[in-house]
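Engineer: Numbering-wise (this note's numbering), the sequence shown opens with residue 456 and increments by one. Here you go, one structure.
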Amino acid sequence: MSEKAHWREELLASGLPLESDAARLLVSKGFRVVSDFKFTRAESGVVRDCFVQLLAGTSLGPSDPDQPTGSLELVFECRHRSSGAAWLYLSDPNPREKSPITPGHTVRVVDTFSSFAVDGDATVAFDRQLPACYKGVEIDVERGSVADVEPSGGLAQLQYALPRVVVEIISRNLTGPPGRNVPFLFCPVLLTTARLLVADEGLSVERVKRASELLELAHEVPYLTVYSDYGPDFQSHCQREFGALEALERGDDTLIVERRRAAHYRSDTELPIAVIESLMAADRHWLHRLFTQFVVCSEPQLPALLDAIQQVAASAIQSRKEV
Numbered sequence: 456m457s458e459k460a461h462w463r464e465e466l467l468a469s470g471l472p473l474e475s476d477a478a479r480l481l482v483s484k485g486f487r488v489v490s491d492f493k494f495t496r497a498e499s500g501v502v503r504d505c506f507v508q509l510l511a512g513t514s515l516g517p518s519d520p521d522q523p524t525g526s527l528e529l530v531f532e533c534r535h536r537s538s539g540a541a542w543l544y545l546s547d548p549n550p551r552e553k554s555p556i557t558p559g560h561t562v563r564v565v566d567t568f569s570s571f572a573v574d575g576d577a578t579v580a581f582d583r584q585l586p587a588c589y590k591g592v593e594i595d596v597e598r599g600s601v602a603d604v605e606p607s608g609g610l611a612q613l614q615y616a617l618p619r620v621v622v623e624i625i626s627r628n629l630t631g632p633p634g635r636n637v638p639f640l641f642c643p644v645l646l647t648t649a650r651l652l653v654a655d656e657g658l659s660v661e662r663v664k665r666a667s668e669l670l671e672l673a674h675e676v677p678y679l680t681v682y683s684d685y686g687p688d689f690q691s692h693c694q695r696e697f698g699a700l701e702a703l704e705r706g707d708d709t710l711i712v713e714r715r716r717a718a719h720y721r722s723d724t725e726l727p728i729a730v731i732e733s734l735m736a737a738d739r740h741w742l743h744r745l746f747t748q749f750v751v752c753s754e755p756q757l758p759a760l761l762d763a764i765q766q767v768a769a770s771a772i773q774s775r776k777e778v
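Structural data, given as structure tokens:
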């Protein structure tokens with residue numbers, strides 16, 4: 456490659472064109488887009504600023520933005536990879552009843568901070584349509600390299616961004632006009648130009664030794680869900696982020712929703728104050744429910760993915776009932 460042409464490869468590698476394509480598509484589908492959504496992360500005792508490339512939100516329900524029936528937030532981390540790159544994922548080997556992957560937890564529905572209840576299985580169908588995976592690596596067939604830095608690094612970036620996203624939505628719900636106190640849905644998406652492959656059942660050391668090309672071991676998919684657990688550092692991160700909700704815990708708007716939902720639910724575990732306290736304590740139930748499942752999407756398939764997410768989100772909001 457000539458030195459004059461090298462800038463093109465560097466510009467593509469920066470991810471800026473990929474981010475631009477995604478932002479333009481999101482706007483065309485009715486989303487408002489925020490670039491470089493920032494959050495803080497402590498590493499080795501040092502707090503530093505980080506960001507994910509895009510935060511995209513839209514109202515759900517009637518076309519009148521002043522009377523939404525719900526909201527949808529998508530969080531994007533964009534990773535441009537070389538033309539020879541493929542991300543190979545392993546399918547979850549567990550039987551469904553023992554899997555840590557929970558259908559309905561990829562496009563999350565949170566109605567706790569509103570006066571409405573949404574069908575608990577409203578987004579399960581979305582997960583059932585996607586391959587459920589738990590680990591991935593990048594294989595560059597042109598360079599002959601294998602590494603997990605980009606797939607795992609992208610998921611980590613999304614995971615650490617999500618608590619601040621949730622804090623901002625909850626704060627908006629509990630401090631804004633009563634008419635905007637509505638259920639919200641959110642979903643993190645790792646967008647890449649790499650091909651996405653899911654390993655065929657029975658992938659083994661011997662099969663890899665005999666294979667001459669990747670497609671002998673795996674099949675290509677447009678997008679998939681992946682489970683990524685967290686560790687003690689993320690728990691501490693959540694405690695710091697959700698500490699911002701303490702001021703809202705006994706606020707007037709919170710208490711109004713609390714009383715309405717208390718009349719509808721027998722258990723207080725799903726009531727606003729209990730959930731806020733659980734989030735501030737980095738409770739395992741809520742961290743697993745909100746921050747461990749992600750969508751990985753191949754860039755050409757983003758339009759289809761957005762259609763699928765918007766469809767399931769609209770269906771979920773249609774199921775809402777006032778409490």
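The beta-carbon is built from N, C-alpha and C at its ideal position, and this holds for glycine as well. These figures come from a predicted structure and were not determined experimentally.
Figure out for me which residue from 605, 589, 587, 586 has the closest Cα to the Cα of residue 595.
Structural biologist: Residue 595 has its Cα closest to that of 605, out of 605, 589, 587, 586.
Engineer: Would you kindly work out how many angstroms separate the C-alpha atoms of residue 700 and residue 600, rounded to a whole number?
Structural biologist: Rounded to the nearest angstrom, the two C-alpha atoms are 45 Å apart.
Engineer: What distance in whole Å lies between the Cβ atoms of residue 643 and residue 571, which are believed to be in contact at a cut-off of 8 Å?
Structural biologist: Actually they are not in contact, since the Cβ atoms of residue 571 and residue 643 sit about 24 Å apart, beyond 8 Å.
Engineer: Mind checking which residues open and close the alpha helix (DSSP H) that includes residue 765?
Structural biologist: Start and end: 757-773.
Engineer: Residue 553 by DSSP, collapsed to three states: which one?
Structural biologist: Residue state, collapsed to three classes: helix.
Engineer: Measuring only the C-alpha atoms, how far is residue 704 from residue 462?
Structural biologist: Approximately 52 Å between the Cα atoms of the pair.
Engineer: Report yes if the CB atom of residue 629 is closer than 8 Å to the CB atom of residue 698, and no otherwise.
Structural biologist: It is not a contact, given that the beta carbons lie outside the stated cut-off.
Engineer: Please classify residue 724 as buried or exposed, where buried requires at least 16 other C-beta atoms within 10 Å of its C-beta.
Structural biologist: By the 10 Å Cβ count, residue 724 comes out exposed.
Engineer: For residue 661, name the three-state secondary structure that DSSP assigns.
Structural biologist: Here residue 661 sits in helix by DSSP.
Engineer: Between residue 582 and the rest of its own chain, which residues show a CB-CB distance below 7 Å, the 5 nearest in sequence each way excluded?
Structural biologist: For residue 582, where only same-chain residues beyond five positions count, the Cβ hits under 7 Å are 558, 559, 561, 680.
Engineer: Going by DSSP in three states, residue 574 sits in which element: helix, strand or coil?
Structural biologist: Note: residue 574 maps to coil in three-state DSSP.
Engineer: Which residues in the same chain have their Cβ closer than 6 Å to the Cβ of residue 547, if we skip the five residues on either side of it in sequence?
Structural biologist: 554, 556, 587, 589.
Engineer: Applying the criterion that 16 or more other CB atoms from any shown protein chain within 10 Å of the CB defines a buried residue, is residue 464 buried or exposed?
Structural biologist: That one is exposed.
Engineer: What residues in its chain sit with their C-beta under 6 Å from that of residue 771, if we drop five residues either side in the sequence?
Structural biologist: The residues are 564, 573, 577, 578.
Engineer: Return the chain-ordered list of same chain residues with a C-beta closer than 7 Å to the C-beta of residue 485, the five sequence neighbours on each side being excluded.
Structural biologist: Excluding residues within five positions, the ones whose Cβ falls inside 7 Å are 513.
Engineer: Figure out for me which residue from 524, 611, 585, 545 has the closest Cα to the Cα of residue 533.
Structural biologist: Of the candidates 524, 611, 585, 545, the one whose C-alpha sits nearest the C-alpha of residue 533 is 611.
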